[in-house]
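K.L.:
Numbering-wise (the working numbering), the sequence shown opens with residue 22 and increments by one.
The beta-carbon is built from N, C-alpha and C at its ideal position, and this holds for glycine as well.
Fair warning: this is a prediction, and the values are worked out from it, not measured in the lab.
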Amino acid sequence: TDGSATGGGVDYTSGLFTVTFPPGVTSVPFNVPINNDDIYEGNENFLLTINSSALPTGVTRGDPGEATVTIVDDDRATVSFEERIYSVIENAGPARPVLILSNPSSTNITVQVRDDDNTATGGGEDYTSGPYLVTFIAGVTRVPFDVPITDDDVREGNEVFDLIIEGRSLPNRVTRGNPGRSTVTILDDDNVTVSFERPTYSVNETDGPVRPALVLSNPSSTDITVRVFSTDVAATGGGVDHGPGPYTVTIRAGDTRV
Numbered sequence: 022t023d024g025s026a027t028g029g030g031v032d033y034t035s036g037l038f039t040v041t042f043p044p045g046v047t048s049v050p051f052n053v054p055i056n057n058d059d060i061y062e063g064n065e066n067f068l069l070t071i072n073s074s075a076l077p078t079g080v081t082r083g084d085p086g087e088a089t090v091t092i093v094d095d096d097r098a099t100v101s102f103e104e105r106i107y108s109v110i111e112n113a114g115p116a117r118p119v120l121i122l123s124n125p126s127s128t129n130i131t132v133q134v135r136d137d138d139n140t141a142t143g144g145g146e147d148y149t150s151g152p153y154l155v156t157f158i159a160g161v162t163r164v165p166f167d168v169p170i171t172d173d174d175v176r177e178g179n180e181v182f183d184l185i186i187e188g189r190s191l192p193n194r195v196t197r198g199n200p201g202r203s204t205v206t207i208l209d210d211d212n213v214t215v216s217f218e219r220p221t222y223s224v225n226e227t228d229g230p231v232r233p234a235l236v237l238s239n240p241s242s243t244d245i246t247v248r249v250f251s252t253d254v255a256a257t258g259g260g261v262d263h264g265p266g267p268y269t270v271t272i273r274a275g276d277t278r279v
């Protein structure tokens, strides 16, 4: 009789087992075939019962007339990332890494994945930090999960962070496979423009240098250096009416005007 194990060849071969005692023999072993599958399912059991209605006259069922058989599961599983490297454009939504289970399980398995800042910063600045809980539904061996990416307007270049499967979160006989660590690259989609704050400037000749301003359309996480060239119109450069140029202007990280 099925308990947590299933007969019919799924976990064991079910049926009526006929056992014959030769004359003078008081102990007879018999075989119940067990199915050696590769499913991570834990220990399972089924019940064997002596059929009293099939006993010959003068023979009755004794105690115990039932016996429980436990199938000790020997299957192990590993959890790993499908790829070592993932990439996502900053404005394209969440990153979607994928976890792989080496062989199916008969029960749900929940895995914890933690993050590790590299050049990217978690906590919502560049992405949403974990831990992330990923559940393999029974029978499923491939599960994608989302890591939210922050779409900012800062020019910062591509940035990366790491994802690591937490081995301590795994159930018995499930271990971290290879790769157990994956790198996610956030592809920066932010471009900036540099322009003068105004199209015209004026200065009295005796007032000292003219101070035009450059502006960035949005901030940058690194310094930006700009070269400005002068072109004579009615004034003459080279120190006659104004300096010779070119002028090197550095806009510091985070600033948008200089």
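Tell me whether the segment 170-179 and the segment 241-250 touch, counting them as touching only if at least three CB pairs, one residue from each stretch, are closer than 8 angstroms.
P.N.:
Flag = yes, the segment 170-179 and the segment 241-250 touch.
K.L.:
For the candidate residues D136, I186 and V161, whose alpha-carbon lies nearest to that of V168?
P.N.:
Selected option, being the one with the closest Cα: D136.
K.L.:
Which value, in whole angstroms, describes the spacing of the CA atoms of D59 and D95?
P.N.:
The alpha-carbon atoms of D59 and D95 are separated by roughly 9 angstroms.
K.L.:
Provide the residue span of the beta strand (DSSP E) that contains A26, from first to last.
P.N.:
From DSSP, A26 is part of no beta strand (DSSP E); its letter is neither H nor E.
K.L.:
How would you call P118, buried or exposed, if buried means at least 16 neighbouring beta carbons within 10 angstroms?
P.N.:
The residue is buried, with at least 16 neighbouring Cβ atoms inside 10 Å.
K.L.:
Hey, could you find the ends of the beta strand (DSSP E) S108 is sitting in?
P.N.:
Note, S108: beta strand (DSSP E), I106 to I110.
K.L.:
Assuming I207 contacts E111 under a Cβ cut-off of 8 angstroms, what Cβ separation, rounded to an integer in Å, is found between them?
P.N.:
About 5 angstroms; that satisfies the 8 angstroms criterion.
K.L.:
Which residues in the same chain as Y222 place their Cβ atom closer than 7 angstroms to its Cβ, once the five residues preceding and following it in sequence are excluded?
P.N.:
The answer, listed in chain order, is V231 and P233.
K.L.:
Distance, Cα to Cα, T277 vs Y153?
P.N.:
Roughly 36 angstroms separates the two Cα atoms.
K.L.:
So, at 6 angstroms on beta carbons, what are the nonlocal neighbours of I245 in its own chain, with the 5 sequence-adjacent residues on each side left out?
P.N.:
The answer, listed in chain order, is I272.
K.L.:
From the DSSP output, which residues share a beta bridge with R82?
P.N.:
Paired residue(s): none; R82 is not in a bridge.
K.L.:
Whose C-alpha, out of D253, Y33, F217 and P125, is nearest the C-alpha of I92?
P.N.:
Minimum Cα distance to I92 is reached at Y33.
K.L.:
Assign R117 to one of three DSSP states: helix, strand, or coil.
P.N.:
R117: coil per DSSP, three-state reduction.
K.L.:
Is I92 close to chain B, meaning its C-beta is less than 8 angstroms from at least one C-beta of that chain?
P.N.:
The structure shown contains no chain B; it holds only a single protein chain.
K.L.:
What would DSSP say about R278, mapped onto helix, strand or coil?
P.N.:
DSSP places R278 in strand when its eight states are reduced to three.
K.L.:
In angstroms with no decimal places, state the Cα-to-Cα distance between R82 and G45.
P.N.:
Computed Cα separation, rounded: 19 angstroms.
K.L.:
Apart from the five residues on each side of it in sequence, which residues of its chain come closer than 6 angstroms, Cβ to Cβ, to V40?
P.N.:
If we look at V40 and ignore the five residues flanking it on each side, its Cβ neighbours are V49 and F51.
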